Structures are given as C-alpha cells and as structure tokens.
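**Q** In UniProt numbering, the protein residues as written are 1 to 328. Just so it is clear, CB atoms sit at the ideal spot from N, CA and C, and this is done for glycine as well. Treat the numbers as computed from the prediction; the structure is a model and nothing was measured. Quick one: the structure is below, and I'll ask about it shortly.
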Amino acid sequence: MEPLRWGVLGATGHIAGRVLPAIHRTVGNAVVAVAGREGRRERAERVARAFGARVHDGYDALLGDPDVDAVYLALPNTLHVPWTLRALDAGKHVLVEKPMTLSEEDCVRVERAAADLVVMEAYMYRFHPQQKRAAELLASGEIGELRLVRSAFAYPTAVEGNIRFDPALGGGATWDVGCYAFDVPLWAFDAEPRAVRATFHSREVDLSAVATLDFGDGRWAVLDYSLEYGPRAAYEFQGTRGSISVRNAWTRPDEEGVITVVTLDGVREEAVPASDAYEHQAAAFAEAVREKVTPLVSLAHSARTARVGEALVRSAATGAEVDLRRRL
Numbered sequence: 001m002e003p004l005r006w007g008v009l010g011a012t013g014h015i016a017g018r019v020l021p022a023i024h025r026t027v028g029n030a031v032v033a034v035a036g037r038e039g040r041r042e043r044a045e046r047v048a049r050a051f052g053a054r055v056h057d058g059y060d061a062l063l064g065d066p067d068v069d070a071v072y073l074a075l076p077n078t079l080h081v082p083w084t085l086r087a088l089d090a091g092k093h094v095l096v097e098k099p100m101t102l103s104e105e106d107c108v109r110v111e112r113a114a115a116d117l118v119v120m121e122a123y124m125y126r127f128h129p130q131q132k133r134a135a136e137l138l139a140s141g142e143i144g145e146l147r148l149v150r151s152a153f154a155y156p157t158a159v160e161g162n163i164r165f166d167p168a169l170g171g172g173a174t175w176d177v178g179c180y181a182f183d184v185p186l187w188a189f190d191a192e193p194r195a196v197r198a199t200f201h202s203r204e205v206d207l208s209a210v211a212t213l214d215f216g217d218g219r220w221a222v223l224d225y226s227l228e229y230g231p232r233a234a235y236e237f238q239g240t241r242g243s244i245s246v247r248n249a250w251t252r253p254d255e256e257g258v259i260t261v262v263t264l265d266g267v268r269e270e271a272v273p274a275s276d277a278y279e280h281q282a283a284a285f286a287e288a289v290r291e292k293v294t295p296l297v298s299l300a301h302s303a304r305t306a307r308v309g310e311a312l313v314r315s316a317a318t319g320a321e322v323d324l325r326r327r328l
C-alpha cells in the first residue's frame with residue numbers, strides 16, 4: 001500500500017506539534033513536506049528533520065509540490081478557509097483544524113470547491129475508542145430516550161502573545177474550545193437545535209460562556225466553555241432511564257478513558273485503554289481518501305456546527321435567543 005503523502009501548512013505551531021508525530025506513526029501515512037510562517041525557516045527545518053521531510057519556502061510552494069497528496073492545515077482560524085480553498089484548487093485533500101470555517105456561508109464555499117476531494121474538520125476526539133464506546137452505549141437504549149446533554153471544555157490560557165485572544169484571527173473561546181462543547185450534543189441528538197441562547201464573559205474576545213440549546217420535544221443541551229478557568233473536559237448524556245458520563249472527553253495519549261453508566265439497576269464504570277486520538281484521526285482520514293467515502297466528520301456536519309457557533313455569538317451579542325429555524 002502506497003502511503004498517503006502529507007504536506008503541512010503551519011508546521012511550527014503548537015497543535016501541529018501534536019498532530020505531525022501522530023500522522024508519522026500511523027500506518028499508511030507519511031509526512032513528506034512542511035511549510036511554516038515567514039521568519040520561521042529554522043524551526044520548520046527542525047520539524048522537517050524529525051520526519052525526513054523537505055521544507056518549502058511558503059505555503060504556495062508546498063501546494064505546488066506534486067509529491068503531496070493531502071494537506072494538514074494548522075493555521076490561525078481566519079486563514080482556514082482561504083488556504084483550504086487554495087489547497088483544493090491545487091488538487092490536494094485537506095484535513096483542517098477546527099473551526100474549519102466561522103460561518104455556514106464559508107462551509108458552502110468549501111463544499112463547492114471540494115468536488116471529489118476529501119475535506120475534513122479535525123475533531124480528533126470523535127475518532128477515539130472512548131468516544132465510539134460512548135456512542136454505542138447511547139445507541140443501545142440502555143439509558144432510554146436521550147433528553148439532556150451536558151458538555152464542558154475549559155482550560156486557563158496565558159493571554160500574552162496568544163493568537164487565541166486576537167479578534168483579527170478569529171480568536172475567542174467559542175471557536176477554540178466552545179466548538180468542541182457544542183459538537184457533542186449535535187452528534188448525540190443527530191440534529192440541529194431549534195434555538196440557542198448564550199451569555200459570554202468577554203474583553204476583546206469571548207473568554208467564557210454558558211449556553212443552552214433547545215432541540216425541541218423536551219430535549220436540551222447545557223454547555224459551558226472557557227479560556228480562563230479549568231481544566232474541565234467532560235460530557236454527560238441524561239436519558240429517561242439513566243445516564244452516561246465521560247469523565248475526560250479529550251484524553252491524552254497515555255490516559256485511560258473512563259465511562260460511567262448509571263441506571264436504576266446500579267452504577268458501573270467501563271475503562272477504555274489509552275490511545276492517541278490524533279493517530280485514529282489520521283488513519284480514518286487516509287481510509288476515507290483511499291476508499292473515496294465521506295469521512296466521519298462530514299462537510300454537512302461542519303456546516304451545522306458553524307451555524308450553531310454563529311448563532312451563539314449572535315445570541316450573546318444581542319442578549320436574546322436565536323431561532324435557528326430562521327436562517328441567520
């Protein structure tokens with residue numbers, strides 16, 4: 001089997017430092033080229049040496065490399081759409097860090113440009129065996145009908161020099177940690193909420209938020225997320241006959257997962273062996289490319305997530321509930 005040959009845009013960033021080794025370790029994948037920001041040639045060369053890859057001077061040069069099949073895009077949020085579109089135009093498959101876009105409109109642009117190429121938003125936790133087991137338990141009906149999802153993701157983050165706090169680069173808690181928190185109820189209910197309401201604590205960007213999502217028929221999600229408190233990374237499914245709780249939804253590669261199931265019959269815990277979600281994500285992406293199938297995190301899912309994110313931002317700005325049945 002020929003490996004899927006990867007080029008990396010933004011190779012010197014923090015998140016790339018976690019994803020590149022995972023791609024490199026995964027059977028059927030190879031990191032062959034990297035490109036970093038202007039002025040970071042030396043750092044890019046150090047990264048490249050670790051994987052036996054070559055360094056390109058600039059992102060366009062990497063996209064022009066005929067030996068690159070797929071691009072992993074780890075740039076600031078506002079650069080995701082333009083460089084995704086340029087990568088697609090160059091005939092490359094794209095794995096793009098979340099948020100892929102900051103609007104539904106941009107999701108449509110990406111979908112139109114993708115044609116027969118694979119584009120996937122990098123929600124790595126969706127590929128972890130812990131996540132798959134939680135989904136199996138939910139689908140089994142053991143806790144009855146799903147009525148409430150509680151989801152949280154938060155960690156305190158240094159502000160100085162951090163692009164997460166730059167409004168010009170799409171910074172803020174909603175598009176950094178919040179999109180994980182509201183992604184959970186979207187796949188759990190497999191639906192878009194009818195309405196959302198959010199309250200932000202903000203300075204130049206939103207730092208923390210609490211939000212409710214109304215899925216209709218007595219089904220709700222309650223979220224909190226933050227860049228100023230934590231750590232907190234958990235979700236819970238409350239059904240009519242019990243609950244499923246995931247203690248740490250975004251486990252480290254060396255951390256065992258723990259799922260707690262509570263019903264009228266009692267309480268039990270299931271342990272999920274430690275593994276690297278980024279490795280599972282890389283393997284799944286390569287399989288989607290080879291098999292020419294829609295990936296687990298589809299562009300339709302990404303459009304739905306973007307709509308909800310936009311609605312939460314609007315609700316916090318206006319202080320009112322936003323009805324998603326009326327297009328934004």
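1) What is the rounded straight-line gap between the Cα of residue 8 and the Cα of residue 266?
2) Please classify residue 1 as buried or exposed, where buried requires at least 16 other C-beta atoms within 10 Å of its C-beta.
3) Where does residue 13 sit, in a helix, a strand or coil, going by DSSP?
4) I need the straight-line Cα distance from residue 152 to residue 325, nearest angstrom please.
5) State the Cα-Cα distance for the pair residue 289 and residue 93, rounded to the nearest angstrom.
6) Please classify residue 302: does DSSP put it in a helix, a strand, or coil?
7) Between which two residues does the beta strand (DSSP E) carrying residue 114 extend?
8) Taking only the alpha-carbon atoms, compute the straight-line gap between residue 101 and residue 23 and give it to the nearest angstrom.
9) Among all the DSSP beta bridges, which residues are the ones paired with residue 276?
10) Quick check on the burial criterion: 16 or more other C-beta atoms within 10 angstroms. Buried or exposed for residue 264?
11) Which same chain residues end up closer than 6 angstroms to residue 176 when comparing Cβ atoms and leaving out the 5 residues on each side of it in sequence?
12) Please confirm if the segment 136-156 is in contact with the segment 224-240, defined as three or more CB-CB distances below 8 angstroms between the two stretches.
13) Taking 8 angstroms as the cut-off, is the beta-carbon of residue 300 closer than that to any non-hydrogen atom of the ligand ADP?
14) For the beta strand (DSSP E) that contains residue 93, what are its first and last residues?
15) Nearest to residue 209 by CA position, among 273, 108, 83 and 312, is which residue?
16) Can you check the segment 43-76 for any alpha helix (DSSP H) of at least 4 residues that lies completely inside it and give the ranges in chain order?
17) Could you tell me the alpha carbon to alpha carbon distance between residue 47 and residue 304, rounded to whole angstroms?
18) Counting C-beta neighbours from all protein chains within 10 Å, is the total for residue 332 16 or more, i.e. buried, or is it exposed?
19) Could you spell out where the alpha helix (DSSP H) holding residue 175 opens and where it closes?
**A** The structure says:
1) Counting from 1 along the sequence shown, the entry for residue 8 is found at position 8. Counting from 1 along the sequence shown, the entry for residue 266 is found at position 266. The alpha-carbon atoms of residue 8 and residue 266 are separated by roughly 48 angstroms.
2) Numbered from its first residue, the sequence shown carries residue 1 at position 1. Classification of residue 1: exposed, given that the 10 Å Cβ count is below 16.
3) Taking the first residue of the sequence shown as 1, we reach residue 13 at position 13. DSSP places residue 13 in coil when its eight states are reduced to three.
4) Here residue 152 refers to the residue found at position 152 when the sequence shown is read from its first residue. Here residue 325 refers to the residue found at position 325 when the sequence shown is read from its first residue. Whole-angstrom Cα-Cα distance: 25 angstroms.
5) Your numbering for residue 289 matches position 289 in the sequence shown. Your numbering for residue 93 matches position 93 in the sequence shown. So the two alpha carbons sit approximately 8 angstroms from each other.
6) To locate residue 302, count along the sequence shown from 1; it is residue 302. Helix at residue 302.
7) For the purposes of this step, residue 114 is identified with residue 114 of the sequence shown, where counting begins at 1. Following the DSSP letters along the chain, one finds residue 114 in no beta strand (DSSP E) but inside the alpha helix (DSSP H) bounded by residues 104-114.
8) Counted from its first residue, the sequence shown places residue 101 at position 101. Counted from its first residue, the sequence shown places residue 23 at position 23. Just so you know, the alpha carbons of residue 101 and residue 23 end up roughly 23 angstroms apart.
9) Residue mapping note: residue 276 aligns to position 276 of the sequence shown, counting from 1. Answer is none; residue 276 lacks a bridge partner.
10) Taking the sequence shown and counting its residues from 1, one reaches residue 264 at position 264. Burial call: exposed.
11) Within the sequence shown, residue 176 is the residue found at index 176, counting from 1. If we look at residue 176 and ignore the five residues flanking it on each side, its Cβ neighbours are 164.
12) yes
13) Ligands are entirely absent from the displayed structure, and the ligand ADP is therefore not among its contents.
14) What you label residue 93 is simply residue 93 of the sequence shown in a count that begins at 1. Element bounds for residue 93: 93-97.
15) Counting from 1 along the sequence shown, the entry for residue 209 is found at position 209. Nearest option by C-alpha distance: 312.
16) 59-63
17) Residue mapping note: residue 47 aligns to position 47 of the sequence shown, counting from 1. Residue mapping note: residue 304 aligns to position 304 of the sequence shown, counting from 1. Using only the alpha carbons, I get a separation of about 35 angstroms.
18) Since the first residue shown for the chain is 1 and the last is 328, residue 332 is missing from the structure and cannot be characterised.
19) Along the sequence shown, read from residue 1 onward, the residue named residue 175 stands at position 175. It is not in any alpha helix (DSSP H) - residue 175 carries neither H nor E in the DSSP assignment.
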